[in-house]
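Participant: Attaching a single structure in structure tokens format; questions to follow.
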Amino acid sequence: AQSVTQPDIHITVSEGASLELRCNYSYGATPYLFWYVQSPGQGLQLLLKYFSGDTLVQGIKGFEAEFKRSQSSFNLRKPSVHWSDAAEYFCAVATGMKTSYDKVIFGPGTSLSVIP
Amino acid sequence: KAGVTQTPRYLIKTRGQQVTLSCSPISGHRSVSWYQQTPGQGLQFLFEYFSETQRNKGNFPGRFSGRQFSNSRSEMNVSTLELGDSALYLCASSLYGQVRETQYFGPGTRLLVL
């Protein structure tokens, strides 16, 4: 069965420091991967997604993620964190073969705190 | 363009009651998906509707149901509420589906079952 793990439940970084959030997936075929962010009191917002092609994906708010098939990973990175990045981050994988009928499975999330 | 709206935002019910939540998608979006978010189970997919038809369903009991109207607005219903149904219920809309197109999420309805 498809699954997503995020090994870090909570991460604290200083403002201006770099950030890497880990994500590992389990899926037999080519995965379709996503990162979402959920700020306090707000709904989820898509940061970026990977379907195929270049394994380094650029997203909004200065985030990027790299797909590594050999490691079954899709880690999210940001070179310099801002206080407003404090939020819950969810990695997700889509099942099936990129049809409109597939569903998205979310990881447990990583909570990010930013120290001023 | 208005975003996804969900009503009500907060709801308190007692065990055994039923509840109906509403979701209005972004104009022009035909796919509406529902998710349940709890501290213990995280984000779990409930079901997806497209053009008034349910085309995908997660692993939830039959007490959870939904429907979509011709204007793409969607409702979900939970009958015979249990304490474990307390959660944030999120609705998301997209043009044609939750994978190929970007999903836009609403702020959620927080349900508390006493």
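As given, the protein sequences belong to chains A and B, one line each in that order. All residue numbers for the first sequence refer to this note's numbering, where the first residue is 1 and numbers rise by one. All residue numbers for the second sequence refer to this note's numbering, where the first residue is 117 and numbers rise by one. All residues carry an ideal CB built from backbone N, CA and C; glycine is no exception.
(1) On the DSSP bridge list, what partners appear for Gly182/B?
(2) Does any CB atom of chain D fall closer than 8 Å to the CB of Pro108/A?
(3) With H, G and I counted as helix, E and B as strand and the rest as coil, what does DSSP make of Arg69/A?
(4) Between the C-alpha atoms of Tyr25/A and Pro31/A, what's the straight-line distance to the nearest angstrom?
(5) For Phe34/A and Phe90/A, what's the separation of their Cα atoms in angstroms?
(6) Taking the straight line between their C-alpha atoms, what separation do you get for Lys103/A and Gln160/B?
(7) Quick one, which residues of the segment 14-44 of chain A are near chain B if we go by CB-CB under 7 Å, in chain order?
(8) Does Asn172/B get closer than 8 Å to chain A when you measure Cβ to Cβ?
(9) Is the shortest distance between the beta-carbon of Ile124/A and the beta-carbons of chain B less than 8 Å?
(10) Please return the same chain residues whose Cβ sits closer than 7 Å to the Cβ of Phe176/B, not counting the five positions on each side in sequence.
(11) I need the boundaries of the beta strand (DSSP E) containing His10/A, first residue and last residue.
(12) What does a CB cutoff of less than 7 Å around Leu56/A pick up in its chain, not counting 5 residues either side in sequence?
(13) Where Gln133/B and Gly119/B are concerned, what is the direct C-alpha to C-alpha distance, given to the nearest angstrom?
(14) Which stretch, first to last residue, makes up the beta strand (DSSP E) that contains Ile60/A?
(15) Which bits of chain B does Ala94/A rub up against, with CB to CB less than 7 Å?
(16) Looking at the unbroken beta strand (DSSP E) that takes in Phe90/A, where does it start and where does it end?
(17) Closer than 8 Å is the cut-off here; do at least three beta carbon pairs connect the segment 199-206 of chain B with the segment 151-160 of chain B?
Facilitator: Reading from the atomic positions:
(1) Locating residue 182/B in the second sequence gives position 66, counting from the first residue. Its beta-bridge partners are Met192/B.
(2) The structure shown has no chain D; the protein chains it does contain are A and B.
(3) Numbered from its first residue, the first sequence carries residue 69/A at position 69. It is helical.
(4) For this step, residue 25/A is matched to residue 25 along the first sequence. For this step, residue 31/A is matched to residue 31 along the first sequence. Tyr25/A and Pro31/A: Cα-Cα distance of roughly 8 Å.
(5) Position 34 of the first sequence, counting from 1, holds the residue named residue 34/A. Position 90 of the first sequence, counting from 1, holds the residue named residue 90/A. Computed Cα separation, rounded: 8 Å.
(6) Against the first sequence, residue 103/A aligns to sequence position 103. Against the second sequence, residue 160/B aligns to sequence position 44. If I take the Cα positions, the gap works out to 10 Å.
(7) Tyr32, Gln42, Gly43 and Leu44
(8) By 1-based counting over the second sequence, the position of residue 172/B is 56. Taking Cβ atoms only, chain A reaches closer than 8 Å to Asn172/B, which makes this a yes.
(9) With chain A represented from 1 up to 116, any question about residue 124/A goes unanswered, as that position is not in the structure.
(10) On the second sequence, position 60 is the one that residue 176/B refers to. Counting only Cβ-Cβ distances below 7 Å, and skipping sequence neighbours, we find Leu162.
(11) Position 10 of the first sequence holds residue 10/A. Counting along the chain, the beta strand (DSSP E) containing His10/A begins and ends at His10 to Ser14.
(12) Residue 56/A sits at position 56 when you count from the first residue of the first sequence. Excluding sequence neighbours, Leu56/A sits near Glu64 and Glu66.
(13) Here residue 133/B corresponds to residue number 17 of the second sequence, with the count starting at 1. Here residue 119/B corresponds to residue number 3 of the second sequence, with the count starting at 1. If you take the alpha carbons of Gln133/B and Gly119/B, they lie about 30 Å apart.
(14) For the purposes of this step, residue 60/A is identified with residue 60 of the first sequence, where counting begins at 1. Careful: Ile60/A lies outside any beta strand (DSSP E) and carries neither H nor E.
(15) In the first sequence, counting from the first residue as 1, residue 94/A sits at position 94. Those are Val215, listed as they occur along chain B.
(16) Position 90 of the first sequence, counted from the first residue, corresponds to residue 90/A. Run containing Phe90/A: Ala87 to Ala94, per the beta strand (DSSP E) assignment.
(17) yes
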